[in-house]
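Beneath this line is the structure, given in structure tokens, with notes to follow.
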Amino acid sequence: MTRIIALFFALFLIVSSYGQPAKPDIITKQNGEQMKGKILEVSDAGVKFTYTGETVVYVIKKSDIAKITFSSGRVETYNQPATQTAPAQPAQPATPEKSAVTSSAIATRGGDPHNKVAILPFTLLKDGLYAADELNEKAQDECFSYLNKHAGTLTILDPQTTNSFLLKSGIKKEALKEYTRDELCRLLSVEYVLEGTIMQNKATQTSTQSSSYSDKSKSTDNNKSGDGSKNSSGYSSSTSYTEQNFDNTVILKIFNDKGESLYNEQRKALFSSTSQDGYVSTLQYLLKRTPLYHK
């Protein structure tokens, strides 16, 4: 009888242990949200995860994860700020980097984004090389000045406001390509973002030449009878100038807050120009044909 009772008790413990639900894996995201389920795979691309009771597989970016608590009790942390000074390392060349803080964690500019447009910093290339910042800013200002006159019901953000907020958010111009356009719309609290690239390449040279002649005359009295004669002399000079012409090509792109491309056009100026502003007429030509332009 004692054996039967012991056997029954052992079977009860086994059944009870199998009846208990398995502990889930828990992903804690940077924004505090917790996801409970089962982790299928951890790779450089992200973490494959499925919710408890579901079969759909989700891929979570590691940059969005604060920590993972596995069902075994093991904990892995991600993207934690450094708590102590790291050993000094040799200086490395500066490279554009995306901010360590994810776009979901960066404070947005605030306000209603509806019908608002941000003009991103322009890129101006001279013979394939990046031009000085002031030339890029001038192109951005030219775009704002023209589009703002034909905005209709749209509100065009002043470039200084846009650039200042991007810098305060830790986003440099060189790192803009690392962000999706819908991310930038959310950060800047706008419905549309416009970006432009201007390429100036050397074309022909224009040479001009001018000449002048100066005549000098003087009288001489070489005899007693009063007969005189005039001697003539003079000199000529010439000046030449050479000016470099540039071909100008403008690329304009517009995206909405869903990341959809609304406009993507490229146009080369009909004539070469010696002026640094030779792209302006082509820029205005393209702006007139964007969905943001109103007469």
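Residue numbers (the numbering used here): 26 to 320. Where is the CB? At the ideal position from N, CA and C, for every residue including glycine. Keep in mind the model is a prediction, meaning the values are calculated, not measured.
Coil, strand or helix - L295 by DSSP: Of the three classes helix, strand and coil, the one that applies to L295 here is coil, per DSSP.
8 Å Cβ cutoff met for L277 and L311: Contact flag set, yes.
Distance, L145 Cα to I407 Cα: Examination of residue 407 is not possible in this model, given that the chain is present from 26 through 320 alone.
Residues bridged to K54 (per DSSP): Its beta-bridge partners are I90.
Which of helix, strand or coil DSSP assigns to K48: DSSP places K48 in coil when its eight states are reduced to three.
Proximal residues to P121 (C-beta, below 7 Å), its chain only, five neighbours per side dropped: Note that P121 has pLDDT 44, beneath the 50 cutoff, so the model's placement of it is unreliable and the number below is only indicative. These residues qualify, in order along the chain: K197, E199, A200.
Alpha-carbon to alpha-carbon, I90 and S228: Rather than Ser, the amino acid found at residue 228 in this sequence is Ala. Our two residues, A228 and I90, have alpha carbons roughly 52 Å apart in a direct line.
CB of I51 within 8 Å of CB of K61, strictly: Yes, Cβ-Cβ distance for I51 and K61 is below 8 Å.
Residue environment, G285, which counts as buried when at least 16 other CB atoms sit within 10 Å: Note that residue 285 is Glu in the sequence shown, not Gly. With fewer than 16 Cβ atoms within 10 Å of its Cβ, E285 is classed as exposed.
Beta-ladder partner(s) of G62, from DSSP: Beta-bridge analysis with DSSP links G62 to D50, Y76.
CA nearest to the CA of F271, picked from N281, I279, K293: The shortest CA-to-CA distance from F271 to any of N281, I279, K293 is the one to K293.
Coarse secondary structure for D183, derived from DSSP in three states: Annotated three-state conformation of D183 is coil, per DSSP.
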